[in-house]
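What follows is a set of notes on a single structure, which appears directly below.
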């Protein structure tokens, strides 16, 4: 019926027709994309034709060409809108023009967003939790996942093929052309990028994610087709279990040391803290310079490991700005059940340690403070280094697997 043109058959009557983005440097203008980004869209062929999600508007050409090759002279009957963010819905307006009889399927919140994003009000089919869409040769079931990570988010399940079109759940950073299926390539990178995506995009909504996963557990799943990243068909259970672990904020033995330093003096203190950790049995110690590290990696390792130490200089009577931005991001993620250590430095007026303590206090028990909390003036003395190493030692004792 068609030459490949980048169309990837998934199972009988189901095709991947998405797009791979290797030009965008940062997703949402924030998160680095060393492996690029995939915008997955799926075409279901049968008595009725159906598209599940679209792609980012700047990648419409290849996507629409693939869609046209699959449709031939037939109309497009339905577009299921699992999520309205523009990286999923960017081609909707043009699809309406190309296929004027198409019906867009979503929930009541989806319809509201369609109106405000694209002015689409006609030809909208609203569905409720558990309702089905009859395509003749297959019937699709809808499961809502509100606040994972937008209020209209939902997933679509095909009982016939046992495929879950999961939307952003189980999605990850990384382009997938040439490695679309997890069992056809070494996808170790994909698990790491799925966690980084989870922490930075979904993590704030861990509780709604657990509610969505409870629904997933009621389904017989042979394959997970997310909106980003590879298709999981080798062992969907492993992927679901990982998501549950992250959503429960279960941590591993290890520590993250993040420092903000203008001239290297605070870095000296951070290195001493890291030495105290590794010298007392902690094998995984990740050290980040917050002035240079992309925060998506810092937050991901903080989510993964049990201990965090912040070392920051004072800047113009306030906390060093990159460190202050990181603390705002931590607060946004609602992290809990971790140990934290603090170290502040200054030369003529201390402020950093005070602001970091206030951050810990605002967590209302989410972080457990480990002593001591050294406050160093100008360059660390020998006594300061000993105190920093003691902080590392005490943190090691607090986070070590017993």
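Residue numbers (my numbering): 1226 to 1627. Built from N, CA and C at the ideal position, the CB exists for glycine as well. Bear in mind that the values here come from a model prediction, so they are computed numbers and not experimental data.
Checklist entry - If residue 1280 sits next to residue 1336, beta carbons under 8 angstroms apart, how far is it from one beta carbon to the other, in whole angstroms? => result The pair is not a contact, with the Cβ atoms about 21 angstroms apart (cut-off 8 angstroms).
Next on the checklist: If I follow the unbroken alpha helix (DSSP H) through residue 1440, where does it start and stop?
Outcome noted: 1431 to 1441
Item to check | Host beta strand (DSSP E) of residue 1593 (start-end) | outcome: 1592 to 1594
Checklist entry - Would you say the beta carbon of residue 1469 comes nearer than 7 angstroms to a heavy atom of the ligand ADP? => result Of ligands this structure carries none, so the ligand ADP is not represented either.
Item to check | Uninterrupted alpha helix (DSSP H) stretches inside the region 1551 to 1588 (no shorter than 4 residues) | outcome: 1577 to 1587
Checklist entry - Is residue 1268 closer than 8 angstroms to residue 1292 when the C-beta atoms are compared? => result yes
Checklist entry - When DSSP labels each residue in this structure, what does residue 1422 get in the three-state scheme? => result helix
Checklist entry - Does the beta-carbon of residue 1485 have 16 or more other beta-carbons within 10 angstroms, so that it is buried, or is it exposed? => result buried
Checklist entry - Using the beta-carbon count (16 or more within 10 Å), is residue 1377 buried or exposed? => result buried
Checklist entry - Between residue 1566 and residue 1577, is the Cβ-Cβ spacing less than 8 angstroms? => result no
Next on the checklist: At 3 residues or longer, what runs of the beta strand (DSSP E) sit wholly inside the region 1256 to 1339?
Outcome noted: 1262 to 1264, 1267 to 1269, 1275 to 1277, 1303 to 1305 and 1328 to 1331
Checklist entry - Counting along the chain, where does the alpha helix (DSSP H) carrying residue 1502 start and finish? => result 1490 to 1503
Next on the checklist: Given a cut-off of 8 angstroms on the beta-carbon distance, is the pair residue 1273 and residue 1303 in contact?
Outcome noted: yes
Item to check | Three-state secondary structure (DSSP) of residue 1342 | outcome: helix
Checklist entry - So residue 1241 is in the beta strand (DSSP E); what residue range does that whole segment cover? => result 1239 to 1241
Next on the checklist: Does residue 1527 pass the burial test, meaning 16 or more other C-beta atoms within 10 Å, or should it be called exposed?
Outcome noted: buried
Next on the checklist: One question on the structure: do residue 1373 and residue 1393 come within less than 8 angstroms of each other, judged by their Cβ atoms?
Outcome noted: yes
Item to check | C-alpha gap between residue 1350 and residue 1432, whole angstroms | outcome: 29 angstroms
Next on the checklist: Only counting the same chain, and skipping five residues up and downstream in sequence, which positions put a Cβ closer than 7 angstroms to that of residue 1227?
Outcome noted: Annotation note: pLDDT 45 at residue 1227 (below 50); position unreliable, coordinate value reported separately. Here the set comprises 1294 and 1295.
Item to check | Beta-carbon proximity list for residue 1458, same chain, < 8 angstroms, skipping 5 on both sides | outcome: 1406, 1407, 1408, 1447, 1448 and 1449
Item to check | Where the alpha helix (DSSP H) through residue 1617 begins and ends | outcome: 1607 to 1624
Checklist entry - What are the boundary residues of the alpha helix (DSSP H) that includes residue 1465? => result 1461 to 1472
Item to check | Assumed close pair residue 1619, residue 1521 - CB separation to whole angstroms, cut-off 8 angstroms | outcome: Not confirmed; about 29 angstroms, so no contact.
Item to check | Of the residues 1387, 1354, 1370 and 1353, the one placed nearest residue 1363, counting alpha carbons only | outcome: 1387
Next on the checklist: I need the straight-line Cα distance from residue 1624 to residue 1251, nearest angstrom please.
Outcome noted: 33 angstroms
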